[in-house]
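Participant: Protein chains in written order, with my numbering: chain A, 477 to 615; chain B, 477 to 615.
Note that the Cβ used here is the ideal one computed from N, Cα and C, for glycine as well.
Only a predicted model underlies this, so the values are computations on that prediction, with no experimental measurement involved.
1. Taking the alpha-carbon positions, what's the residue 517 of chain B to residue 496 of chain B distance?
2. Given this structure, state the Cα-to-Cα distance separating residue 571 of chain B from residue 500 of chain A, to the nearest angstrom.
3. Buried or exposed: where does residue 504 of chain A fall if 16 or more other Cβ atoms within 10 Å of its Cβ makes it buried?
4. Strictly below 9 Å CB to CB, what residues from chain B border residue 596 of chain A?
5. Against residue 546 of chain B, what residues of chain A qualify as contacts under a CB-to-CB distance less than 8 Å, listed in chain order?
6. Is the stretch 485-496 of chain A touching the stretch 530-540 of chain A in the sense that three or more CB pairs, one from each, lie closer than 8 Å?
7. Can you grab the Cα-Cα spacing for the pair residue 493 of chain A / residue 492 of chain B, in whole Å?
8. Contact criterion: CB-CB distance below 8 Å. Does residue 510 of chain A meet it with respect to chain B?
9. Kindly list, in the order they appear in chain B, the residues whose Cβ is closer than 7 Å to that of residue 599 of chain A.
10. Please return the same chain residues whose Cβ sits closer than 7 Å to the Cβ of residue 521 of chain A, not counting the five positions on each side in sequence.
11. Taking the alpha helix (DSSP H) that residue 492 of chain B falls in, what are its first and last residues?
12. Hey, out of B:606, B:532, B:561, B:507, whose CA is closest to residue 490 of chain B's CA?
13. According to DSSP, is residue 615 of chain A part of a helix, a strand, or is it coil?
14. For residue 574 of chain A, which beta-bridge partners are listed by DSSP?
15. If you follow the beta strand (DSSP E) that residue 602 of chain A is in, where does it begin and where does it stop?
16. Please work out which residues of its chain come closer than 7 Å, Cβ to Cβ, to residue 529 of chain A, disregarding the five sequence neighbours upstream and downstream, and give them in chain order.
17. Pull up the DSSP beta-bridge partners for residue 552 of chain B, would you.
18. Cα-Cα, which of A:524, A:564, A:555, A:551 is closest to residue 479 of chain A?
19. According to the neighbour-count rule (16 or more other Cβ atoms, all chains shown, within 10 Å of its Cβ), is residue 567 of chain B buried or exposed?
20. Quick check on residue 489 of chain A: does DSSP put it in helix, strand or coil?
21. Using the C-alpha atoms, what's the distance from residue 560 of chain B back to residue 550 of chain A?
22. Have a look at residue 502 of chain B and residue 557 of chain B and give me their C-alpha separation to the nearest angstrom.
23. Closer than 6 Å by C-beta to residue 573 of chain A: which residues in its own chain qualify, once you throw out the five before and the five after it? Chain order, please.
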């Protein structure tokens, strides 16, 4: 699905800047930060600001077009909405997608809230692994 | 186990500031940020700096005395080293511990590295759930 189709489907007005940001995010599954996306797009879109990139990504996350990831002290973004986990190499900093069996994402119904009565209303799960990647391990 | 015993056991020199920081973290399992710990301790330890709190917590995380959590755009810290997940309420911001069955932490051996040969060398797992807590849900 193209960026424009995805935006339209999720009820987001497909402005040129939104299309450019989503297009770039879909073509670069490197879990970029706001700064990285801004740096990549600013040369071709001189009117773009970091605030616009940030607000656009927050809108995408809210509307389910992309998701925000808490991998370190900066927010990262990912247009891959299929359930998957991430591995962050503490040595080179690279973020890899980790395929997870769908049933591993269904452990949350066991989680009850503080009142002990209701199950928590969970909207998103983040599973992050930290360690040394196999490329760094052999260096 | 007391803070001083834990530091000594992990081979960290138990300075007064380190003991105070770990003591406070163990007594306040609220997943605080550096700023929150600094604000709580600065009145009684005037020589304390935010940088010292940050470096001390990073040392604790490295040596397995505490762990750092990526829950939002700020690092949070937790002295509870037993395997558990976190639930972050997007409404009130509160972080709750979620007990997870130990076997749910063993999904990672399935994860292979990019070379396809080796399994990733995973040191830490973070499982974070985002949603609305049961208290906010009924408001």
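Facilitator: Well, looking at it:
1. 8 Å
2. 33 Å
3. exposed
4. 563, 565, 572, 574, 605, 607, 608, 609, 610, 613
5. 546, 547, 548, 549, 604
6. yes
7. 53 Å
8. no
9. 606, 607
10. 493, 496
11. 492-503
12. B:532
13. coil
14. A:561
15. 597-608
16. 497, 510, 513, 514
17. B:509, B:545
18. A:555
19. exposed
20. coil
21. 23 Å
22. 11 Å
23. 560
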